[in-house]
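For the sequence shown, the residue numbers in full-length UniProt numbering are 1 to 282. For each residue, glycine too, the CB sits at the ideal point set by N, CA and C. Beneath this line is the structure, given in structure tokens, with notes to follow.
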Amino acid sequence: MAVRTLGPGSLKIGATGSERDFSADVINTALEPSTSSEDNDNFLDGHTEGGSQTESWTLTGTIKEDFSTGGVQAWCLAHSGETMPFTWIPNTDGSLKLTGSLIVSSIKFGGDVKTKNSNDFSFTAFDIEAHEANVNLLQYGPASGNNLTSTVQADGSLLLSDAGVAKRNGVAWTFPFIGHDGEKMVFGYVDLPDKAASKVEAITTNGDPTELALIYGTSNLITFTVPDGTASVRLSIIRRSTDDTDKMNGICKIQLQKGSTLTDWEKPAVTTLKGGGYEYLA
């Protein structure tokens, strides 16, 4: 299904773990190519050889002004002239991610009085590449409930802190999942605490849940087909049904992606979705 609308998406500049997120400040943005060609060379014998063509790129856009020391304009002023990597996902429902490097430049301050001004930016960009976006289709973030807390780490993984969570209890997140009916998916993990299990459920527009996959221990990868009528997905992390009292502290790197093969783990596009307590009743 074609995705033609710009946004909701993300634009981040800087190395992973220290990147600046422009997404909440930008009201339009584009990667603009420019080509230039040398004149053709005409030879005495009558043949012609075409001149070479070069291509350059610019990341352009407009931001809504923020007169705070932590705003985008102040950040650009502090880093003007620096070369940094960037990642732009035009729409989180699409399949495109654009990456490259750019040279940060300052953005104009000010404009009309008593107005929420908009100011343009233009950064020289290079090494532009297009990739499959949102390989990891999960959405999650900080969550707390049932004596279990999850916090998002710099690399996008989840850190679990167990303060005495009971069997089959834990935390969960629900996020939109429209447009994937009939698609083959794989759900698996790279890291998951020994006493933990993770589950995904399809939820219809009527709110009815259907379990799709439950992973834990050696059952670390399951494939399934998304049921027709799926409106959202609920991701949960729970304590397994074991009688010991060992804590399920540790790092979670879980992934939901299209196809039947689990590729290298990637950070989901959304890691700020707040979750809450969950009890597995099945």
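CB contact flag (Pro268, Gln73, <7 angstroms): Here residue 268 refers to the residue found at position 268 when the sequence shown is read from its first residue. Here residue 73 refers to the residue found at position 73 when the sequence shown is read from its first residue. No, they are not a contact pair.
Exposed unless 16 or more other CB atoms sit within 10 angstroms - verdict on Asn146: The sequence position of residue 146 within the sequence shown is 146, counting from 1. Buried, since its Cβ has 16 or more Cβ neighbours within 10 Å.
Start and end residues, beta strand (DSSP E) containing Ala78: As a first step, residue 78 must be located in the sequence shown, where it is residue number 78. No beta strand (DSSP E) holds Ala78; the alpha helix (DSSP H) holding it covers 72–79.
As assigned by DSSP and simplified to three states, the class of Ile107: Working through the sequence shown from its first residue, we reach residue 107 at position 107. Residue state, collapsed to three classes: coil.
Bridge partner(s) assigned by DSSP for Glu32: Your numbering for residue 32 matches position 32 in the sequence shown. Thr58, per the DSSP bridge assignment.
Inter-residue spacing [alpha-carbon to alpha-carbon] between Thr69 and Lys199: On the sequence shown, position 69 is the one that residue 69 refers to. On the sequence shown, position 199 is the one that residue 199 refers to. So the alpha carbons of these two residues sit roughly 42 angstroms apart.
Other residues of its chain near Thr48: CB distance less than 8 angstroms, five sequence neighbours each side excluded: One-based indexing of the sequence shown puts residue 48 at position 48. Only Asn40, Asp41, Asn42 meet the Cβ criterion.
Close beta carbons around Trp265, own chain, < 6 angstroms, minus the five adjacent residues each side: Counted from its first residue, the sequence shown places residue 265 at position 265. Contacts found: Val190, Lys253, Gln255.
Among Gly250, Thr87, Pro33, the one whose alpha carbon lies nearest that of Leu192: As a first step, residue 192 must be located in the sequence shown, where it is residue number 192. Leu192 has its Cα closest to that of Gly250, out of Gly250, Thr87, Pro33.
Check whether Thr60 and Ala30 have beta carbons under 7 angstroms apart: By one-based count along the sequence shown, residue 60 stands at place 60. By one-based count along the sequence shown, residue 30 stands at place 30. In contact: Thr60 and Ala30 (Cβ atoms closer than 7 angstroms).
Assigned secondary structure, residue 283 (DSSP; H/G/I helix, E/B strand, else coil): Residue 283 is absent from the structure shown; the chain starts at 1 and stops at 282.
Proximal residues to Tyr216 (C-beta, below 8 angstroms), its chain only, five neighbours per side dropped: Position 216 of the sequence shown, counted from the first residue, corresponds to residue 216. Correct list, in chain order: Leu192, Ala196, Ala197, Ser198, Arg240.
Euclidean distance between Cα positions of Thr151 and Glu19: Taking the sequence shown and counting its residues from 1, the one referred to as residue 151 is at position 151. Taking the sequence shown and counting its residues from 1, the one referred to as residue 19 is at position 19. Taking the straight line joining both Cα atoms gives about 18 angstroms.
Opposing strand residues paired with Lys88 [DSSP bridges]: Translated into the one-based positions of the sequence shown, residue 88 becomes position 88. At residue 88 the sequence reads Trp, which differs from the Lys that was named. BP columns for Trp88 point to Leu11, Leu98.
Helix, strand or coil at residue 299 according to DSSP, with G and I counted as helix: Because residue 299 is not part of the residues shown, which for the chain are 1 to 282, the question remains open.
Same chain, Cβ closer than 7 angstroms to residue 313, neighbours up to 5 away in sequence not counted: Given that the chain is displayed from residue 1 to residue 282, the structure contains no residue 313 and the question cannot be resolved.
Residue from Ser101, Phe86, Leu11 with nearest C-alpha to Thr62: The residue labelled residue 62 in the question sits at position 62 within the sequence shown. Selected option, being the one with the closest Cα: Leu11.
Candidates Ala213, Asp228, Ser80: closest to Thr205 by CA position: Translated into the one-based positions of the sequence shown, residue 205 becomes position 205. Selected option, being the one with the closest Cα: Asp228.
In DSSP terms, what Gln255 is bridged to: Here residue 255 refers to the residue found at position 255 when the sequence shown is read from its first residue. Within the DSSP secondary-structure output, Gln255 pairs in a beta bridge with Gly188.
Candidates Leu137, Trp88, Phe121, Ala130, of which the one nearest Leu77 by Cα: Taking the sequence shown and counting its residues from 1, the one referred to as residue 77 is at position 77. The shortest C-alpha separation from Leu77 is found at Phe121.
Presumed contact (8 angstroms Cβ cut-off) between Asp127 and Ser101, rounded CB distance: Walking along the sequence shown from the start, residue 127 turns up at place 127. Walking along the sequence shown from the start, residue 101 turns up at place 101. Asp127 to Ser101, Cβ: 5 angstroms. Contact.
Contact under 7 angstroms by Cβ, Glu32 with Thr5: Residue numbering aside, residue 32 sits at position 32 when the sequence shown is read from its first letter. Residue numbering aside, residue 5 sits at position 5 when the sequence shown is read from its first letter. Against a cut-off of 7 angstroms, the Cβ pair of Thr5 and Glu32 comes out as no contact.
Those runs of the beta strand (DSSP E) which lie wholly inside the segment 122–176 and span at least 3 residues: Within the segment 122–176, the runs of beta strand (DSSP E) at least 3 residues long that lie entirely inside it are, in chain order, 143–145, 148–152, 158–162, 169–176.
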